[in-house]
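Here the structure is laid out as C-alpha cells; the discussion comes afterwards.
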Amino acid sequence: MDDLLQEFIAETRETLDALSGEIVAWEANPGDRARLDAIFRFVHTVKGSCGFLDLPRLARLSHAAEDVLAAVRSGERAPDRALVNAVLAIVDRIGEIVEAIDAGSPLDDSGEDLLVAALEEGSDEVAQINAALVQRAPARSVRLNVDLLDRMMSGMSDMVLARNELSRRLRGADVDPQIEAALERMSATVADLRDTVTRTRMQKIDALFSALPRMVRDTAAGLGKSVTLQVDGAEVELDREMIEVLRDPLVHIVRNSIDHGIEPAAERRAAGKRENGRLTVSARQSGNQIIVEIADDGRGIDTERLVRKLVDAGRDERALRALSERQKLALVFEPGLSSKDEVSEVSGRGVGMDVVRAAIEQIGGRVELDSVPGRGLRLQIHVPLTLSIIPTIVVAAGGQRFAVPRQAIEEIVSERNESIRIDHLGTAEVATVRDRRLPLVTLTRQLGMDSISFGETMLAIVNVGEGSYALRVEDVLDNEELVIKPAAPAVMATGLYAGQTLPDSGCPMLLLDCAGIARDAGLHFTRELIAEEIEETAEVESGISALVFIDLDGVRRAVPLALLDRIEQVDANAVRFAAGRLRLTIDGRIVPLVARAEFAESGTGSVLRLKDGEAEIAYAIADAADIVTLPLELVHADTPGPVAAVALVDGEPVELLDPHWLFAAHVAGGAEPDGGPVCLLSGGEQEWMRGFVKPILEAAGYRVTDTLAPGERADVVLTNDEHGAMSDVAAPVVRLRSRRGEAVDGSVYRYDRDGLLSAIASAARKG
Amino acid sequence: MEQLFLIAHVAGRTVAIEAEQVESVVDIGTIIEVPRATGHIRGLAALRSRVVTVIDTIAALGMDRNGREPGRAVITRVDGHHYALLVDTLDDVAPFELQPMAQGIALTGAWRAAGRGLVQRDGEPILVIDLTALVPGQNSANLAHVA
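Chains as they are written, first to last, in UniProt numbering: chain P, 1 to 767; chain H, 1 to 147.
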C-alpha cells in the first residue's frame, strides 16, 4: 500500500503542477469548458484514488468539488466567481494535504468544513485558511521521463541488432580468436544490459491487481452487495507507463461493475443467478496487445436507458434509434452521461467511462464492450505491446520463416506422433491430441502460400486466451529471443502479424499474431465462463455418485461412493459367524459383515468396505457393476430398512442402500448414542438428511433427531435450507449448501464431511 | 523558390521526388514476402540493422511491370515506419522550382493521388510525385479508427 500511496502522491503532485496553469486560465474565464473538464477530471481522479487508498479527508473534499463541477458541467450552476474561488481553494487544500501525507506531518482539518460549505450556492465568501507551510520530503525514487526510457530501449534494440550483424559478418570468416572472445564478452554484456533495460520499463500487472481484492470488498460492502473476485494473469508484464495509465480506468471500471452492473442479492435471486456477483479481472498478451478484461455477471448495459438519457439531454432521438446495437452500447462513452439514475457515492455518475476511454486512447489502446443484457458485461482494454524483446519459436512455412511468441505455445508435437489424430470434418480439420480436440489451422494455407514440404509436419498447440488450436507448420527451427518492432500499417492490416524482427540471420522475419490467425481462420471459441459454470453446477446437483453392484441375492443395488472405502476380494475363510452375527476378519481387524444371502462357502468373494466416521462395515456382493450418477428423483422406501430408496439407472431400478440403517443396525454401540449433544435436522430432503448425514453425525457421537421431544433442547441445528430463517429454535445453525466451491455465507458443502463435522462441533460448543 | 528534387525512373516514366522525403537511396537485396499483405507490398528487406517495408512502386502507380525487376529503392519514412519504394533507375539530385500542374493535364488513378506538380529539366516537364501517397495503409488505418 505504501507504494501505491507514494505513486498517488507523486501523481497528484504532478497533475497539480500541470493543473496550475489550467486553474489560472479557468479563473480568468470560468466559461471555458476545456479547463473545467480538466479540473473536473483531476478531482474525479483524486476522489477515485482516495477511496482506494482510504484517505477520507481527501475523498470528502474531492467529492464535494466534483459534485459542484458536475453541476456546472450539466449547466445547473453557473461558474461564478465565488464558485470558482471555492473550487480552487479545495484544489489548493488537496495539494496541501498531499504534501502533508508525504511529509508525514499532521495537518489540522479545521476550515475544511468551511471550504466545503463555500461550494454551496449562495455562499459568497471563500474562507481562506492559512496554509500550514509544509516541507517537501526528499524523493526516494527518481521519476524518469518516459521518452528517455524509450530512447534507451530503442538504442538497446539497435545495439542487439548491430551485435547480431557483427557476429553474422564474422561468422564463416577466418577470425582472430581474440576478436571472437571480445565479441563474446560484448554479447554477454549486451544480453545483461538488455534484461536490465527491459526490466526498467516492465512491471508485473500485479502492481495493479494486488489492490483489487480489498477495493472490491470495500466497494461491495459499501453497497451491501456480495461479490466474488477472480484475478487472472497477474504475472503478465506491462510497460510501467501503461500500468500508470491503466490504474484509474481499472478502478473506475471495477467500481462501475460493482455499482451499476452487479445487482443486489434479491434481484439476482429473482433472476435465477447466484447471490454472489462474480467479477473476473484478467490480463493476457494476445498478439501485439495486452488485453485487460473486466467481466461481471451483472445486468449488462441497458442501451434503451442510455438512449433515453441522451434524448432527455437533448440529443436527436431519431439518430440515436438508428444506431446499431453496438453503436448504442458505445454511447456509454458519451461524456457527462449517467447510466444510473441515482448518483451514488461509489462510482459517481458514470463520468468515468469517457475519462476511461480518453486515457486508454491516449496510449494507443482501445476499449471494447460486450454486453449481454441480464447476463453481464465484458469490457476489454486493449493496450499496445511496447514490449519489444520477446522469446519466440521460429517455425517454417512455405519456405519462409516466421516467429511465434513462445508465450502462446502450449506444446509442439510431431504430426506423426502416435497420440495425434487428424480428422477431416467437412472442410475443417480437427486434431485430437491426447483426448483434446483442437481445431487445426494449416499455416501455409492460411497465409495463401504454396506448401513446400509434403513430408512430416509439426503441430504447435497455440493458446489464444479464449481457447487453443493446433497450428500446422512445416518445421520448428529455433528458439530465439527477438527484438520485435511494429510492422508497417499495411502489414499489420492483414491482422495476421504482430510485428517484425531482424534475427541473427539478417533476413527480416514476421511475428505471427496467433489470435489474428485464429480469427482469420474463422475459429470461434466459446468463452462463456458463466455458462460453463452453470453446467458444472447442474452436474453436481443432478445427484450423487454411486457404485452399482449386483448383490448376493441378485438384485442391483447402489451405495454412495462417498461411503465406499474400497472393494476387496476376501477369502471365504475370513468370514465367520461369531457372537451372533457374520464377521469378516480383514487387515488384522474384525468388522461386521452384511450379507443379504449366503456368502460363498469356499473360495473368495467380493466385499464392499464401507466407512463412515469411525465405524466400518463390510458388505458382501456378487459383483461390482458400474459407477453412476444417481438421478435426483428417488423413490424413497416407506419404512426404514437396508434400502433407502429406488432410483432408475439406465432404465433399470436400482436399490439405494441406506447407509444410516446399515451402520445403525450393524455397528455395535452406534445405534443409540445418548448423552451426546443433540443435533436437530431441519429443512427439506429429509430422506437425504436421514440417510446421508445422520449416520455421520451419530458416528461422531451426536444424538440426531428430526423433531424435538417436549422439553428437549437442540445443541445445534443442521439445515439444508439455504436461505430460510431458523427463528423458532434457539440454537446455532449450520447450513448445508448443494454447490461445491468457496463458502461465502459460512455454509458447508453437503458432501464435505470434515467441514460438516467441524462446523457442527464448533456450533455445538457455542450452543 | 527552388528546392531539391531527386529524379528517378519508374515504369518507364521520369518522376521527381522531393529530396526532403528521401532518407537514402539503396540497392535492395533479398526481399522476404509478407503473405496476404495487400497494397502493393513486395515484402520486407533488411537495411543495415533495420527492417524496411518494400513497396512495388510500379504496381502502386497502376502500371504494368513488363518483366522489369527493379533493384534500387528510395527509402522514405512515413509515420515512423521506413519504406523502400522500388525504382528502375535514379538520375541525380538537383534544385528545381515546383510549378503547379499545367492546365488540362488529366492524371488518373494512382498518378492523380501522387501527383503534386511539375518541375522543368532543360525544357522537359517532369511530374513531381509524393511518395507518401504510394505508401499503403494510411487511409485504411484511418478507416479502422473510424469503424
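A virtual CB, placed ideally from N, CA and C, is assigned to each residue, including glycine.
Scanning P:E112, P:K225 and P:A595 for the CA closest to the CA of E267 (chain P) turns up P:K225. When Cβ pairs closer than 8 Å are counted between the two stretches, the stretch 71–81 of chain P is seen not to touch the stretch 98–106 of chain P, the count staying below three. At the C-beta level, E7 (chain P) and L61 (chain P) stay beyond 8 Å of one another. Inclusion of M242 (chain P) and A403 (chain P) in the CB contact set at 8 Å is not warranted, their separation being larger than that value.
In the three-state scheme derived from DSSP, where H, G and I count as helix and E and B as strand, S602 (chain P) is classed as coil.
By DSSP's assignment, Y749 (chain P) forms a beta bridge with P:R737. Residue environment for E474 (chain P): buried (at least 16 other C-beta atoms within 10 angstroms of its C-beta).
Counting the other Cβ atoms within 10 Å of the Cβ of P35 (chain H) gives 16 or more, which makes it buried.
Taking 3 residues as the minimum length, the beta strand (DSSP E) runs contained wholly in the stretch 461–500 of chain P are 468–473 and 475–483, in order along the chain.
Using a 10 angstroms sphere on the CB of H524 (chain P), the tally of other CB atoms stays under 16, which defines it as exposed. The alpha helix (DSSP H) runs lying completely inside the stretch 212–295 of chain P and spanning 4 residues or more are 212–223, 240–256 and 265–270, given in chain order.
When the Cα atoms are used, A322 (chain P) and E304 (chain P) turn out to be separated by approximately 12 Å. Here A173 (chain P) carries a coil assignment [DSSP, helix/strand/coil]. A Cβ-Cβ distance of about 7 Å is found for the pair L246 (chain P) and I381 (chain P), placing them in contact under the 8 Å criterion.
Listed along the chain, the chain P residues whose CB falls inside 8 Å of the CB of I75 (chain H) amount to none; the nearest CB is some 13 Å away. Counting only Cβ-Cβ distances below 8 Å, T53 (chain H) has contacts in chain P at A487, A488, A490 and V491, in chain order.
The Cβ of T57 (chain H) sits no closer than 8 Å to any Cβ of chain P.
Around E616 (chain P), the same chain offers V591 as residues with beta carbons nearer than 6 Å, after the five sequence neighbours per side are excluded. For the options H:G12, H:A37 and H:A113, the alpha carbon positioned closest to that of G67 (chain H) is the one of H:G12. The three-state reading of DSSP puts F577 (chain P) in strand, counting E and B together.
With fewer than 16 neighbouring CB atoms inside 10 Å of its own CB, F577 (chain P) falls in the exposed class. With a threshold of 8 Å between beta carbons, G522 (chain P) makes no contact with chain H. Under the three-state reduction of DSSP, C507 (chain P) is assigned to coil, being neither helix nor strand. Taking a C-beta distance under 8 Å as the contact criterion, G691 (chain P) and H666 (chain P) do not qualify as a contact pair. Close partners of C507 (chain P) in chain H (Cβ separation under 7 Å): T30, I32 and A46. Within the same chain, R77 come within 8 Å of A71 (chain P) by CB-CB distance, once the 5 residues on both sides are set aside.
A295 (chain P) sits away from G374 (chain P), with the two beta carbons spaced by 8 Å or more. Non-local beta-carbon contacts of L634 (chain P) in its own chain, meaning distances under 6 Å to residues more than five positions away in sequence, involve A645 and A647 in chain order.
If you check the CB distance, R416 (chain P) and L440 (chain P) do not come in under 8 Å. Nearest CB-CB separation between T38 (chain H) and chain P: below the 8 Å threshold. In the same chain as T57 (chain H), and ignoring 5 residues on each side of it, the C-beta atoms closer than 7 Å to its own belong to V10, L85, L86, V87 and L134, in chain order. The beta carbon of I484 (chain P) sits closer than 6 Å to the beta carbons of S388, I390, G499, T501 and L511 from its chain, once the five residues preceding and following it are set aside; these are given in chain order. Around the beta-carbon of I205 (chain P), 16 or more other beta-carbon atoms lie within 10 Å, marking it buried. Between the alpha carbons of A8 (chain H) and L90 (chain H) lies a distance of about 4 Å. In the three-state DSSP reduction, A60 (chain H) falls in the helix class (H, G or I). In this structure, the alpha-carbon of E368 (chain P) lies about 25 Å from that of A313 (chain P).
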